[in-house]
Amino acid sequence: MAQNRFHSGTGPSQRQLRVGELIRRTLSDVLLRGDVHDPELNRHSITVGEVRTSPDLKVATAYVLPLGGHGAEEALAALRRNQAELRHLVAKAMTLKYAPQLRFVLDETFDRMDDTRRILSEDRVRRDVETDDDEDDEA
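Shown next as structure tokens:
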């Protein structure tokens with residue numbers, strides 16, 4: 712298989728990032744406008760935090776979370792149930808050769824940020840951070 716001579720590394724390519732962001736915006740607009748014909752899905756206010764695409768751009772994984780995090784499993788089930796219609800609406804708004812298959816996963820970024828804040832606010836960790844800062848100032 713040929714390698715991309717412009718992209719070395721294990722991260723996503725520039726094209727993957729660009730298409731992922733375009734899908735994220737389009738999917739957010741579709742969910743915001745309530746274009747899907749499912750009242751269960753339309754009653755949720757869903758945030759699309761990130762969309763990651765496969766290297767061939769045929770699979771897009773959307774990281775989603777309902778507003779406030781309440782009813783996450785119900786919202787995820789509704790998104791998965793309406794996957795075909797969402798794929799059609801996203802593909803109609805974009806100019807890609809293939810309509811990507813959409814996968815939905817709960818976005819746990821906010822939970823990890825809360826855990827990080829909690830850890831950094833502990834006295835033991837704060838002392839270590841302050842000690843490191845003092846050593847840097849002396850050097």
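For the sequence shown, position 99 (counting from the first letter as 1) is numbered 810 according to my numbering, and the numbering increases by one without interruption. Note that beta-carbon positions come from the ideal geometry of N, C-alpha and C, so glycine has one too. Source: prediction; values computed, not measured.
1) Please confirm if residue 751 has its CB atom under 9 Å from at least one CB of chain B.
2) Check whether the region 747-756 and the region 802-817 are in contact - that is, three or more C-beta pairs closer than 8 Å.
3) Going by C-alpha distance, which of 788, 758, 827 is nearest residue 741?
4) At what residue ranges does the region 770-808 contain a whole run of the beta strand (DSSP E), taking only runs of 3 or more?
5) First and last residue of the alpha helix (DSSP H) that includes residue 710?
6) Where do the N-terminal and C-terminal ends of the alpha helix (DSSP H) with residue 761 fall, by residue?
7) Grouping DSSP H, G and I as helix and E and B as strand, with all else coil, what is residue 816?
8) Is the region 792-802 touching the region 720-728, taking contact as three or more C-beta pairs under 8 Å?
9) If you reduce the DSSP assignment to three classes, tell me which class residue 832 lands in.
In this structure, then:
1) In the structure shown, chain B does not exist; there is a single protein chain.
2) no
3) Taking the first residue of the sequence shown as position 1, residue 741 is located at position 30. Minimum Cα distance to residue 741 is reached at 758.
4) 770-777
5) Any answer about residue 710 is impossible in this case: the structure gives the chain only from 712 up to 850.
6) Position 50 of the sequence shown, counting from 1, holds the residue named residue 761. Note, residue 761: premise wrong, no alpha helix (DSSP H); beta strand (DSSP E) at 757-764.
7) The residue you call residue 816 lines up with position 105 of the sequence shown. Three-state DSSP puts residue 816 in a strand.
8) no
9) Start at 1 with the first residue of the sequence shown, and residue 832 comes out as number 121. Note: residue 832 maps to coil in three-state DSSP.
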